[in-house]
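Its first residue numbered 1, the sequence shown is counted upward by one per residue in the UniProt record's numbering.
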Amino acid sequence: MNSLTPDIATRFAGLALDHVRREYPHKLDHVMDGPEDVLGPRALHPIFHGSFDWHSCVHGYWMLLTLRRLFPTLLLARQVRDLADEMLTPGKIAGELAYLDRAYTGGFERPYGWAWLLALHGEAMRHDESWGADLEPLARAFADRLHAFLPRQTYPIRTGTHYSTAFALVLALDWAEDHDPALAALIRARALDYYGADKGCLGWEPGGDEFLSPAMIEALIMKRVLPAADFRTWFAAFLPDLEKGEPSTLFTPVTVSDRSDGKIAHLDGCNLSRAWCWRSIADALEGPVRTIALTTADAHLNASLPHVAGDYMGEHWLASFALLALLAGDDG
1 MNSLTPDIAT
11 RFAGLALDHV
21 RREYPHKLDH
31 VMDGPEDVLG
41 PRALHPIFHG
51 SFDWHSCVHG
61 YWMLLTLRRL
71 FPTLLLARQV
81 RDLADEMLTP
91 GKIAGELAYL
101 DRAYTGGFER
111 PYGWAWLLAL
121 HGEAMRHDES
131 WGADLEPLAR
141 AFADRLHAFL
151 PRQTYPIRTG
161 THYSTAFALV
171 LALDWAEDHD
181 PALAALIRAR
191 ALDYYGADKG
201 CLGWEPGGDE
211 FLSPAMIEAL
221 IMKRVLPAAD
231 FRTWFAAFLP
241 DLEKGEPSTL
251 FTPVTVSDRS
261 DGKIAHLDGC
271 NLSRAWCWRS
281 IADALEGPVR
291 TIALTTADAH
301 LNASLPHVAG
311 DYMGEHWLAS
321 FALLALLAGD
331 DG
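In structure tokens, the structure reads:
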């Protein structure tokens with residue numbers, strides 16, 4: 001089974017160090033309320049102006065801090081520390097927080113960027129430096145948005161892109177369990193409301209630009225909110241023909257025809273995120289079903305792990321998803 005090694009960690013860290021401060025090309029999530037709002041990425045976002053878009057920059061920093069913690073003797077670990085010391089400062093964090101006070105930012109990065117910012121804060125809190133404490137106000141701002149939004153979100157968004165409700169709930173729950181018990185309880189309740197009665201998943205995926213598996217990310221949030229035995233019961237109803245390899249789409253790595261096309265390049269992410277989901281749920285499964293989960297995870301990881309670099313359309317973000325998959329394997 002693939003695992004995270006010092007060589008892979010060095011490679012991933014090198015990629016992120018190269019792009020988290022690369023301002024251009026950049027795709028803004030920005031509503032202009034007047035000509036004074038015509039500003040560049042760095043002016044709008046003192047920290048997260050690299051990596052092609054705001055959310056990719058956030059999870060680029062998450063990956064760097066995670067690798068620094070796991071491999072403290074890594075040659076690039078000092079560069080990661082120096083970068084975080086330079087960028088994750090109270091003044092720059094205040095600038096990111098101020099952006100949220102602009103007009104029309106209620107839906108800014110909802111929910112994908114919200115969840116990744118919480119993941120970054122959670123990782124920063126695992127380091128001895130002040131980064132976590134300094135990021136606390138920004139994390140709290142996004143947690144407050146989740147507190148306000150989830151009760152109003154009547155229906156989950158069941159896509160495999162940034163709007164996925166299940167993906168955001170997974171990352172936000174990981175954070176909330178340590179930092180916001182009330183939010184954790186809300187996430188658990190909403191996940192059960194959204195997905196608890198689902199049965200007979202047809203697996204009509206992937207869509208042409210999906211980097212998540214709608215089916216498997218739903219399974220992952222349910223694994224996180226249910227006791228293991230209850231999850232197995234739910235999962236058996238959700239995928240009743242799993243041992244027959246059906247629906248076949250969930251067990252077959254997706255084809256990526258053009259890695260220079262930003263949307264088609266998302267499909268490498270679909271392979272990596274499926275690997276993450278299959279590995280993550282495997283420890284709650286038993287017998288042949290567990291073996292199928294692990295074998296399927298490896299097939300998907302092998303299909304796209306070699307392609308995390310090569311074209312900036314994938315290079316600015318794919319390693320973060322490869323790291324999620326590799327950490328799930330290392331965690332069991």
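Glycine is no exception: its CB is placed at the ideal position from the N, C-alpha and C atoms. The model shown is predicted, which means the values in this text are computed figures rather than measured ones.
By how many angstroms is the C-alpha of residue j removed from the C-alpha of residue i?
i	j	result
alanine 143	leucine 76	31 Å
tyrosine 24	leucine 15	15 Å
histidine 266	glutamate 210	6 Å
threonine 105	glutamate 286	45 Å
tryptophan 62	glutamate 218	23 Å
tryptophan 204	proline 214	9 Å
alanine 237	lysine 199	5 Å
serine 320	lysine 263	17 Å
aspartate 241	aspartate 298	20 Å
valine 31	histidine 45	14 Å
glutamate 123	arginine 69	9 Å
leucine 220	aspartate 134	30 Å
cysteine 270	threonine 296	13 Å
alanine 139	phenylalanine 108	14 Å
glycine 26	leucine 250	This sequence places histidine at residue 26; glycine is not what is there. Those two C-alpha atoms are separated by around 32 Å.
isoleucine 8	arginine 22	22 Å
threonine 5	glutamine 153	40 Å
glycine 132	leucine 171	17 Å
alanine 103	alanine 141	16 Å
Helix or strand or just coil, what does DSSP make of residue i?
i	result
alanine 322	helix
cysteine 270	helix
glutamate 123	helix
proline 206	coil
glycine 107	coil
glutamine 153	coil
histidine 26	coil
phenylalanine 100	With the sequence shown as reference, residue 100 is identified as leucine, and phenylalanine is not the correct amino acid for it. Note: leucine 100 maps to coil in three-state DSSP.
proline 253	coil
asparagine 2	coil
glycine 132	helix
methionine 32	coil
alanine 293	helix
histidine 300	helix
histidine 49	coil
phenylalanine 142	helix
glutamine 78	Note that residue 78 corresponds to arginine in the displayed sequence, not to glutamine. Three-state DSSP puts arginine 78 in a helix.
threonine 10	helix
valine 58	helix
threonine 66	helix
serine 280	helix
histidine 316	coil
proline 306	helix
isoleucine 93	helix
serine 248	helix
glycine 287	helix
arginine 21	coil
residue 333	Since the first and last residues shown for the chain are 1 and 332, residue 333 lies out of range.
aspartate 85	helix
alanine 16	helix
alanine 265	coil
aspartate 241	coil
Report the CB separation of residue i from residue j in whole angstroms; it is logged as a contact under 8 Å.
i	j	result
alanine 309	glutamate 315	5 Å
leucine 64	leucine 74	With 8 Å as the limit, leucine 64 and leucine 74 do not qualify as a contact, their Cβ atoms being about 10 Å apart.
tyrosine 112	phenylalanine 167	7 Å
leucine 146	leucine 183	6 Å
glycine 40	histidine 19	Glycine 40 to histidine 19, Cβ: 17 Å. No contact.
alanine 119	aspartate 174	7 Å
leucine 117	leucine 17	Their Cβ separation, rounded to whole angstroms, is 20 Å, which puts leucine 117 and leucine 17 out of contact at 8 Å.
With a CB to CB cut of under 6 Å and the five nearest residues on each side skipped, what residues in its chain are close to residue i?
i	result
lysine 223	Phe231, Ile281 and Ala284
serine 56	His316 and Trp317
aspartate 311	Arg259 and Ser260
leucine 212	Gly160, Ser164, Phe167 and Ser273
isoleucine 47	Met87, Lys92 and Glu96
leucine 186	Leu150
valine 256	Leu267 and Asp268
leucine 301	Asn2, Ala275 and Ala325
proline 253	Asn271, Ala299, His300 and Ala303
proline 156	Thr165 and Tyr194
Using a Cβ-Cβ cut-off of 7 Å (strictly less than) and excluding sequence neighbours within five positions of residue i, which residues of its own chain qualify?
i	result
proline 13	The residue asked about is misnamed: residue 13 is alanine in this sequence, not proline. Closer than 7 Å at the Cβ level, and outside the excluded window around alanine 13, lie Leu64, Leu67, Leu74, Leu76 and Val80.
valine 225	Arg188, Ala191 and Leu192
glycine 332	Confidence at glycine 332 is low in this model, with a pLDDT of 34, below 50, so the placement of that residue should be treated as unreliable; the coordinate-derived value is given next. Taken in chain order, the residues that qualify are Asp283.
threonine 10	Leu74, Leu75 and Leu76
tryptophan 234	Met222 and Leu226
alanine 328	Trp276, Arg279 and Ser280
Near residue i, which residues of its chain fall below 8 Å by C-beta distance, leaving aside the five closest residues on each side in sequence?
i	result
glutamate 243	Pro288, Val289 and Ile292
glutamate 136	His121
leucine 202	Pro247
histidine 307	Val256, Arg259, Asp268, Gly314 and Leu318
Taking 6 Å as the line, does the beta carbon of residue i fall inside it for any heavy atom of the ligand GTP?
i	result
glycine 160	For the structure depicted, the ligand GTP is absent and the ligand set is empty, with no information on it obtainable.
Counting only runs of 4+ residues fully inside the stretch 158-182, write out the alpha helix (DSSP H) ranges in chain order.
-> 165-179
Quick one: complete alpha helix (DSSP H) runs, 4+ long, within the stretch 185-239?
-> 214-225 and 228-238
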